[in-house]
Amino acid sequence: MPRAQEWIIEKLLFLCALISVFTMFAILAMLLFGAISFFQEVSIIEFFTGTKWTPLFKPQHFGILPLLWGTLLVTIIALGVAVPLGLGSAILLSEYAPEQVRKIIKPVLEIMVGIPTVVYGYFALTFVTPILQVVFPETSVFNALSAGIVMGIMITPMVSSLSEDAMLAVPQSLREAAYGLGARKHEVALRVVLPSAFSGVVASIILAMSRAIGETMIVSIAAGSTPKLTLNPLEGIQTMTAYITQISLGEAPFGSLEYRTIFSVGLTLFLIVFAVNLIGHWMARRYWRQY
Amino acid sequence: MIGNVKIDVRDLNVWFGQNHVLKDITLKIKRNTVTAVMGPSGCGKTTFIRALNRMNELIEGSRTTGEIYIDGKNIYDKETDVYELRKKVGMVFQKPNPFPKSIFDNIAFAPRIHGITDPKTLQEIVERSLKEAALWNEVKDRLKDSALDLSGGQQQRLCIARALAIKPEILLLDEPCSALDPSATAKVETLIRKLAENYTVIIVTHNMQQAARVSDYAAFLYAGKLIEYGGTRQIFENPQNVLTEKYITGKFG
Amino acid sequence: MIPGRKVKEHALFIICSIATLLSIAGLIILLLDAFADGLPWLDFQFLNSLPSHYPDKAGIKAALIGSVWIVGLTALFSFPIGVAAALYLEEYAPRNWFTSFINVNIANLAGVPSIVYGLLGIGLFVESLTLGRSILAGALTMTLLILPIIIVASREAIRSVPKAYREGAYALGATRWQVTREIVLPSALPGILTGTILALSRAIGEAAPMITIAALAYINFVPTSPFDRFTVMPIQIYNWVSNPIREFHHLAAAGIIVLLGVLLSMNSIAIYIRYRYQKRVR
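Chains as they are written, first to last, in my numbering: chain A, 1 to 291; chain B, 1001 to 1253; chain C, 2001 to 2282.
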């Protein structure tokens, strides 16, 4: 086989691998250029400290804090659901459940990951919200709690699976030492395994959080499109992702200042998710290096 | 220096990263002989034979200096085509590694990649190789079966046949029997003696009785250095070096 | 023997079991709700009709065909590129900083929110390459999104091909491409296919990037060319769910059933391939 052919094939394969680098650069370039163009007309200070976000109304305000808060509120609620449920499942699967039970439960949790987020969004709006409205009659049709709860259900498998892996990595010898000292299962689980697996578990929670921050459909459908700073989860809010969706659906003329907000918001979103992922992966690496 | 010498190794040194694995190896191997390469674990035997077909280059961080002349040409020359070299120098590994393909396709693999596609020619090559490896009678009716269905000993003979398919001149066998049971081992050893009629065989072994049974010459390596090299009988009955004697008599290794 | 400890042990077990059951219950209730709501509205007419402003006339046909188009084209682009990239990284790439850089990029891309890919699609494919809001732009965007998934899955499959096979082939004088094409690829193929199908099933369910590309245009035709405008099932579902008229919510549920059905089939195929392959390897 002629050497030239080998060389060509290698270069072709290399180009394909390079596409990932290209994609990252394209994303960064697009977000940066758009954001720079935006910040030429809006001050960065106002953007990051302003408490009103009304680009589509007069008078225009470009304070991103309501959007940030909307994202944060939904994420906190989601973690409030996912951490107890996920950790509980993880402890059950790694410390209590026999192999047969694990074999059944794990695939079921896997399925949850594969369900499209529109389906979760539908569930939040048509099932969870009406129930909330029965329990709390002042719940509005679009509210943060409903979206947060459903998002929590969606990311529970992430917390569960990654935490379980972290706990399973704790050497059996540690457990045996504890049992040998007369400890009972819950003491082993909570005082030996969990502390040993702590950074692995935290890493899993952080990675699930980044997923929640970047999620779009559940919040677009169920959380609302009114950016506001409120502590009441029964009200509608708007997240960064929902806002970007709203604008790119054509509510602002292309190229206008309002349109360019998607880049500044998008860049903020990208950087936050990137930072959270970085922390999560760093923690995970630190944890797994022990083993 | 052609004539009787097939392989002429001069000042061969091999490093893996910082690890100096082979140190100043110099020896000459005659054509159509069986040479045993012996020594304790980690002494560099496998690295040595892998230097003969430049397989060490597949390991990241490896460095080789010195020269190896095969039929008078230095195989570490810039002009040497390493793929042609591996046609000339065949290798069989410690653990049998047939491809997950049919018996026929395993043998036909090498001829195919070197350009032979005519089905009739391939059929002849497969038959010839399997006969040379003393495996033909056992598999001639099931050439289309998966090679992974064969027993360990059969798989190893298949790997030998696979190496023979492209008519190499030199055969490198890396502890070919260490993963086999005694009766399979006996078959392979008989085969090796027969192969020496047509090929130059170099066999790595840590089994001294096997070396004594099978080889004409023996080289003893220790910690990357060549300690002694000579006729097998002489090495075993009258070793010149104290280390060799200790190894032969089982004081270590 | 402190009696409280035994109680606590059981208590933890019960709490964890409740947690697990709640998670699973969440899933089951979600599915039951969708099915209960949508099944009555799921009939052939639904499958065969185009969207309409009247709930009883509307159907998912345009979105279904659109999804098929998108997934088909995405498969066409992403499979060869993804496998090629994986082969390069596993068989060819030297261990240097640039290779690490590529690896880091791929890992990071997997964590980028899908809506950002949508923005990239608009800027790059819709605008710069003037492909408009077409199926082609959508498929290219989706390709970029699932490429990291395919690469990671393929790399795992390639990595699980035993080193012994490669060594045997190299010792016979095979070149790197010959070893890759004749030995590595055939052995890794089942794993690669499984990973690709799973990546594509993710693509079918993705709404956010498609919404930015296709918008919520009223697509009442079946697309016939890659340059046509389009909609996909998740967008149609989103559309119907967002509609204040209650009947459309039932249509959304019916659409969800169709979408889940397609996903189930795709995943079953992937699982079947994995099963067949494991049987063969013994």
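We put the beta carbon where it would ideally sit given N, CA and C, even for glycine.
Being a predicted model, the structure only gives us computed values, none of them experimental.
To which residues of the same chain is residue i closer than 7 Å at the C-beta, ignoring the five residues directly before and after it?
{"i": "Pro1239/B", "result": "Glu1228, Glu1245 and Ile1248"}
{"i": "Val2262/C", "result": "Ile2204"}
{"i": "Ala1163/B", "result": "Gly1090, Met1091, Val1092 and Leu1171"}
{"i": "Ala82/A", "result": "Gly152, Ile155, Thr156, Val159 and Ala208"}
{"i": "Gln2278/C", "result": "none"}
{"i": "Val2126/C", "result": "Gly2132, Arg2133, Ala2137 and Ile2213"}
{"i": "Thr75/A", "result": "Met209, Ala212 and Ile213"}
{"i": "Asn1056/B", "result": "Val1014, Thr1047, Arg1050, Ser1062 and Thr1064"}
{"i": "Glu215/A", "result": "Thr117, Met151 and Thr241"}
Along the alpha helix (DSSP H) that carries residue i, what are the first and last residues, could you check?
{"i": "Asp1105/B", "result": "Ile1103 to Ile1113"}
{"i": "Thr241/A", "result": "Met240 to Gln246"}
{"i": "Arg1233/B", "result": "Thr1232 to Glu1237"}
{"i": "Val1139/B", "result": "Trp1136 to Val1139"}
{"i": "His281/A", "result": "Leu257 to Gln290"}
{"i": "Met332/A", "result": "The structure shown does not extend to residue 332/A, since chain A is modelled only from 1 to 291, so the question has no answer here."}
{"i": "Gly1250/B", "result": "From DSSP, Gly1250/B is part of no alpha helix (DSSP H); its letter is neither H nor E."}
{"i": "Phe2101/C", "result": "Trp2097 to Leu2109"}
{"i": "Phe2227/C", "result": "First-last for Phe2227/C: undefined, no H or E at that position."}
{"i": "Leu1052/B", "result": "Lys1045 to Leu1052"}
{"i": "Arg102/A", "result": "Glu99 to Gly114"}
{"i": "Val1014/B", "result": "Not the alpha helix (DSSP H): Val1014/B falls in the beta strand (DSSP E), residues Val1005 to Phe1016."}
{"i": "Ile205/A", "result": "Phe198 to Gly214"}
{"i": "Ile2370/C", "result": "Beyond the ends of chain C as shown, which are 2001 and 2282, falls residue 2370/C; an answer cannot be given."}
{"i": "Leu2073/C", "result": "Lys2061 to Leu2087"}
{"i": "Ile2183/C", "result": "Counting along the chain, Ile2183/C falls outside any alpha helix (DSSP H), and DSSP gives it neither H nor E."}
{"i": "Met217/A", "result": "Met217 to Ala222"}
What does residue i reach in chain A if we use C-beta pairs closer than 9 Å?
{"i": "His2314/C", "result": "No answer is possible for residue 2314/C: the residues shown for chain C start at 2001 and end at 2282."}
{"i": "Ala2253/C", "result": "Tyr122 and Thr126"}
Cutting at 6 Å between CB atoms, please list the residues of its own chain near residue i, excluding the five before and the five after it.
{"i": "Val141/A", "result": "none"}
{"i": "Val193/A", "result": "Met167 and Val170"}
{"i": "Met91/A", "result": "Per the sequence shown, residue 91/A should be read as Ile rather than Met. Closer than 6 Å at Cβ, skipping near neighbours: Ala189."}
{"i": "Ala2254/C", "result": "Gly2038, Trp2041, Leu2042 and Phe2046"}
{"i": "Tyr291/A", "result": "Ala169"}
Using a cut-off of 8 Å between C-beta atoms, extract the partners of residue i located in chain C.
{"i": "Ile153/A", "result": "Ser2023, Gly2026, Leu2027 and Leu2030"}
{"i": "Thr156/A", "result": "Ser2023 and Gly2026"}
{"i": "Ile1166/B", "result": "Leu2172 and Gly2173"}
Kindly list the residues whose CB is nearer than 8 Å to the CB of residue i, restricted to its own chain and excluding five residues on each side of it in sequence; keep chain order.
{"i": "Gly50/A", "result": "His61, Phe62, Gly63, Ile64 and Leu65"}
{"i": "Leu2120/C", "result": "Thr2141 and Leu2144"}
{"i": "Glu1197/B", "result": "Asn1032"}
{"i": "Asp2056/C", "result": "Glu2247"}
{"i": "Arg2282/C", "result": "Caution applies to Arg2282/C, whose pLDDT of 41 falls short of 50 and renders its modelled position unreliable; the model cannot decide the point."}
{"i": "Ile2273/C", "result": "Pro2190, Leu2193, Thr2194 and Ile2197"}
Could you tell me the boundaries of the beta strand (DSSP E) in which residue i lies?
{"i": "Glu1067/B", "result": "Ser1062 to Ile1070"}
{"i": "Phe2044/C", "result": "Run containing Phe2044/C: none in the beta strand (DSSP E); it sits in the alpha helix (DSSP H), Phe2044 to Asn2048."}
{"i": "Met1038/B", "result": "Val1034 to Met1038"}
{"i": "Asn1019/B", "result": "Asn1019 to Lys1030"}
Since residue i and residue j are thought to touch, with beta carbons under 8 Å apart, how far apart are those beta carbons, to the nearest angstrom?
{"i": "Glu1044/B", "j": "Phe1016/B", "result": "Per the sequence shown, the amino acid found at residue 1044/B is Gly instead of Glu. Actually they do not touch by this definition, with Cβ atoms about 10 Å apart."}
{"i": "Ile131/A", "j": "Ile77/A", "result": "Not confirmed; about 15 Å, so no contact."}
{"i": "Gly121/A", "j": "Val2241/C", "result": "7 Å"}
{"i": "Ala144/A", "j": "Ile218/A", "result": "About 11 Å; that fails the 8 Å criterion."}
{"i": "Leu2087/C", "j": "Thr2196/C", "result": "With a Cβ gap of about 14 Å, Leu2087/C and Thr2196/C do not count as contacting."}
{"i": "Leu1022/B", "j": "Gly1224/B", "result": "5 Å"}
{"i": "Gly2026/C", "j": "Asn1097/B", "result": "49 Å between Cβ atoms; not a contact."}
{"i": "Ser220/A", "j": "Ala242/A", "result": "5 Å"}
{"i": "Tyr1076/B", "j": "Ile1068/B", "result": "6 Å"}
{"i": "Leu31/A", "j": "Phe270/A", "result": "6 Å"}
Residues of chain B with CB under 8 Å from residue i, in chain order?
{"i": "Thr2194/C", "result": "Under the 8 Å cutoff, chain B gives no residues; its nearest Cβ is about 17 Å from Thr2194/C."}
Which residues in chain C have a C-beta closer than 7 Å to the C-beta of residue i? List them in chain order.
{"i": "Pro1100/B", "result": "Ser2187"}
{"i": "Ser210/A", "result": "Gly2111"}
For a contact defined as C-beta to C-beta under 7 Å, what are the partners of residue i on chain A?
{"i": "Glu2009/C", "result": "Arg184, Lys185 and His186"}
{"i": "Arg2133/C", "result": "By Cβ distance, chain A contributes nothing, its closest Cβ being about 10 Å from Arg2133/C, past 7 Å."}
{"i": "Ala1972/C", "result": "Only positions 2001 to 2282 of chain C appear in this structure, which leaves residue 1972/C out of reach."}
{"i": "Val2232/C", "result": "Residues of chain A passing the Cβ test: none, with the nearest at roughly 10 Å."}
Residues of chain B with CB closer than 9 Å to the CB of residue i, please, in chain order.
{"i": "Ile2269/C", "result": "The contacting residues do not exist; Ile2269/C stays about 23 Å from chain B at best."}
{"i": "Gln2278/C", "result": "Ordered by position in chain B, no residue passes the 9 Å Cβ test against Gln2278/C, which lies about 13 Å from the chain."}
Below 8 Å on C-beta distance, what does residue i contact in chain A?
{"i": "Leu2120/C", "result": "Thr23, Ala26, Ile27 and Met30"}
Please go through the segment 1185 to 1217 of chain B and give each complete alpha helix (DSSP H) segment of 4 or more residues, from N-terminal end onward.
-> 1208 to 1214
What runs of the alpha helix (DSSP H), each 4 residues or longer, lie entirely inside the segment 2 to 90 of chain A?
-> Every unbroken stretch of the alpha helix (DSSP H) spanning 4 or more residues and falling wholly within the segment 2 to 90 of chain A is given here in chain order: 3 to 39 and 44 to 49.
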